[in-house]
Amino acid sequence: DTEVTQTPKHLVMGMTNKKSLKCEQHMGHRAMYWYKQKAKKPPELMFVYSYEKLSINESVPSRFSPECPNSSLLNLHLHALQPEDSALYLCASSQDRGDRELFFGEGSRLTVL
Amino acid sequence: QKEVEQNSGPLSVPEGAIASLNCTYSDRVSQSFFWYRQYSGKSPELIMSIYSNGDKEDGRFTAQLNKASQYVSLLIRDSQPSDSATYLCAVNTPGFQKLVFGTGTRLLVSP
Chain R
1 DTEVTQTPKH LVMGMTNKKS LKCEQHMGHR AMYWYKQKAK KPPELMFVYS
51 YEKLSINESV PSRFSPECPN SSLLNLHLHA LQPEDSALYL CASSQDRGDR
101 ELFFGEGSRL TVL
Chain V
1001 QKEVEQNSGP LSVPEGAIAS LNCTYSDRVS QSFFWYRQYS GKSPELIMSI
1051 YSNGDKEDGR FTAQLNKASQ YVSLLIRDSQ PSDSATYLCA VNTPGFQKLV
1101 FGTGTRLLVS P
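As you go down the protein sequences, you meet chains R and V in turn.
Just so it is clear: in the first sequence, position 73 is 73 by the working numbering, and no numbers are missing.
Just so it is clear: in the second sequence, position 66 is 1066 by the working numbering, and no numbers are missing.
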């Protein structure tokens, strides 16, 4: 059983929709991450939160908006996405930002029509 | 030159054989090295981490690190069909604020 839980597992949305991806971890980790992964490519870092503060934004378009309500929760708000944003979105956590042993959730498979 | 390089494969081995997966990295000051396994359609799973030169063994897995050659490898002994997956090498370098992933090697273990 994964200790990083992501919902929903699958999401289909139109380009005008607003939706959110959610992530929760129960390991007491203080760093949380959003990654995007396209087929046959490695995960691509989007955002890093450390102690609930945004510490890295990898020049992600503003149609993706992260939020960290508390140390266990991480959200990714989606608005006005493009079909090329269709991908597997992975949440991960680590003990802290300096610890690179990442534990990934099962991912949310997003399809933008 | 890519920062972390892996042969994309597929690497095909028969059941019971040793699978050897290789990874090279470009930044000499890299300090932490990780192997993740990713089954098709699933998320990456950390299987090994190694921080100092030499070998580190965990069950059927052995990670090998040679910082002088900028080379890290993963050996899987007694390969099983259930080991068939993509193996991602990831490297952490001081000053970089993120893990750098290789493109992964697809391993196929045939019964």
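All C-beta atoms in this analysis are idealised placements derived from N, C-alpha and C, irrespective of residue type, glycine included.
All figures in this text were calculated on a predicted structure; none of them were measured in a lab.
- Neighbours of T1103 of chain V across chain R, judged by C-beta separation under 9 Å: K40, K41, P42.
- Annotated three-state conformation of D99 of chain R is coil, per DSSP.
- Bounds of any beta strand (DSSP E) do not take in T1093 of chain V, whose DSSP letter is neither H nor E.
- Around the beta carbon of R1037 of chain V, a 10 Å sphere encloses 16 or more other beta carbons of the protein chains shown; the residue is thus reported as buried.
- Against F103 of chain R, the close residues of chain V are L1046, in the order they occur along the chain (beta-carbon pairs closer than 8 Å).
- Spanning the alpha carbons of L76 of chain R and S1082 of chain V requires a straight line of approximately 33 Å.
- For P42 of chain R, the three-state secondary structure derived from DSSP is coil.
- Its chain contains D1055, S1073 as the residues whose beta carbon lies nearer than 6 Å to that of Q1064 of chain V, once the 5 sequence neighbours on both sides are disregarded; these appear in chain order.
- A straight-line Cα-Cα distance of about 23 Å links L88 of chain R and Q95 of chain R.
- Taken in chain order, the members of the segment 1048 to 1067 of chain V whose beta-carbon sits within less than 9 Å of a beta-carbon on chain R are S1049.
- For S1049 of chain V and E101 of chain R, the gap between their C-alpha atoms comes out near 8 Å.
- At a cut-off of 9 Å between C-beta atoms, V12 of chain R does not count as an interface residue with respect to chain V.
- Distance from the Cα of L1088 of chain V is smallest, within the candidate group V:V1013, V:F1034, V:S1110, for V:F1034.
- At least one C-beta of chain R is nearer than 9 Å to the C-beta of S1043 of chain V.
- Excluding five sequence positions before and after P83 of chain R, the CB atoms of its chain that fall closer than 8 Å to its own CB belong to M15, V112, L113, given in chain order.
- Relative to the Cα of N1092 of chain V, the nearest Cα in the group V:S1079, V:V1013, V:S1026, V:E1015 belongs to V:S1026.
- With respect to chain R, the C-beta atom of Q1097 of chain V has a partner C-beta closer than 9 Å.
- Identification of residues in the segment 1023 to 1038 of chain V having a C-beta nearer than 7 Å to some C-beta of chain R yields S1032, F1034, given in sequence order.
- Residue V:T1024 holds the alpha-carbon nearest to the alpha-carbon of S1069 of chain V among V:Q1031, V:I1018, V:S1032, V:T1024.
- The criterion of a C-beta distance shorter than 9 Å is satisfied by E106 of chain R and Q6 of chain R.
- Assignment of beta-bridge partners to K22 of chain R by DSSP yields R:T7, R:N75.
- Counting of Cβ neighbours within 10 angstroms places Q1080 of chain V among the exposed residues, the total staying below 16.
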